[in-house]
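J.: Let me give you the structure first, and then I'll get to my questions.
Written out as structure tokens, the structure reads:
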């Protein structure tokens with residue numbers, strides 16, 4: 010099942026208790042499967058598959074680390090309000106604040122600067138959490154694998170997918186495809202051959218959202234190791250039980 014916030018709430022709710030304590034329930038640990046599909050280290054491969062171009066235009070890992078660091082403190086506020094079951098700052102409020110409202114210019118940090126301003130303004134409007142509580146939250150989150158640089162793995166998956174990652178993947182896709190079409194046109198070949206090559210390239214392309222949706226290159230994410238460990242524990246538990254029943 011998708012963990013949502015249940016993994017991080019550590020039994021504060023009935024659902025969280027079930028998700029975290031039941032050995033027959035396997036969870037993503039990320040907010041949802043979409044977070045895995047947006048795993049930073051896999052995104053260059055997504056672009057290559059969609060455009061058939063290996064040019065590295067953008068630091069996907071660096072961008073998502075910066076993005077995560079910017080939203081980290083507000084993420085703590087979001088978790089705090091979820092634990093308190095407060096309606097004054099909902100998960101929807103948090104998700105709306107951390108969206109990128111414009112497609113990302115890969116040569117500029119403008120969107121991240123705007124995001125930082127929005128996050129700081131939102132924090133200023135919230136009832137402040139004591140430094141002691143914040144420190145306790147950070148320690149608890151770190152023990153679960155959450156750091157300022159990987160917070161993106163634990164936010165709402167559809168927000169990350171649609172309003173963050175696609176906001177830089179789509180312009181990169183457009184640029185690389187346009188560049189390739191231009192290079193084909195500039196070849197010193199006759200028009201017919203250039204047209205054939207353009208058509209061939211066009212037929213080979215896959216929409217980047219389709220590639221992202223089917224991305225499975227996230228198995229080196231540290232949270233996948235937790236899932237595999239859960240599966241092994243389940244197999245061991247069932248094997249021991251079956252041996253006990255037959256003896």
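Residue numbers (the numbering used here): 10 to 256. Using N, Cα and C, we set each Cβ at its ideal position, and we do this for glycine too.
Alpha carbon to alpha carbon, how far is residue 127 from residue 201? Give it in angstroms, no decimals.
T.: Between residue 201 and residue 127, the C-alpha separation is close to 52 Å.
J.: Would residue 51 be called buried (16 or more neighbouring beta carbons within 10 Å of its own) or exposed?
T.: With 16 or more Cβ atoms within 10 Å of its Cβ, residue 51 is classed as buried.
J.: Could you check if residue 192 is buried or exposed, using at least 16 other CB atoms within 10 Å of its CB as the buried criterion?
T.: Looking at its Cβ environment, which holds fewer than 16 other Cβ atoms inside 10 Å, residue 192 is exposed.
J.: Do three or more CB pairs link the region 63-72 to the region 37-46 at distances below 8 Å?
T.: As far as the Cβ criterion goes, the region 63-72 does not touch the region 37-46, which means the pair count is below three.
J.: Figure out for me which residue from 26, 35, 16, 28 has the closest Cα to the Cα of residue 242.
T.: Among 26, 35, 16, 28, the Cα nearest to that of residue 242 belongs to 35.
J.: Exposed or buried, which one is residue 88 when buried takes at least 16 other CB atoms within 10 Å?
T.: So residue 88 ends up on the buried side.
J.: How far does the alpha helix (DSSP H) with residue 29 in it reach, from first residue to last?
T.: Looking at the DSSP string, the run of the alpha helix (DSSP H) that includes residue 29 is 23-30.
J.: Using a Cβ-Cβ cutoff of less than 6 Å, which residues in the same chain neighbour residue 216 once the five nearest sequence positions on both sides are dropped?
T.: Same-chain partners within the cutoff: there are none.
J.: Look at residue 222 and residue 46 and say whether their C-beta atoms are less than 8 Å apart.
T.: Yes, the pair counts as a contact, with Cβ atoms nearer than the cut-off.
J.: If we count the other Cβ atoms within 10 Å of its Cβ and call it buried at 16 or more, is residue 9 buried or exposed?
T.: Limits of the chain in this structure are 10 at one end and 256 at the other, which puts residue 9 out of reach.
J.: Got a sec: is the Cβ-Cβ distance from residue 230 to anything in chain B below 8 Å?
T.: This model lacks chain B altogether, as it is built from one protein chain only.
J.: Specify, as a first and last residue, the run of the alpha helix (DSSP H) that residue 101 falls within.
T.: From DSSP, the alpha helix (DSSP H) with residue 101 extends over 100-106.
J.: Helix or strand or just coil, what does DSSP make of residue 10?
T.: The answer is coil: DSSP assigns residue 10 none of H, G, I, E or B.
J.: Would you report the Cα separation of residue 114 and residue 20, rounded to the nearest angstrom?
T.: Those two C-alpha atoms are separated by around 41 Å.
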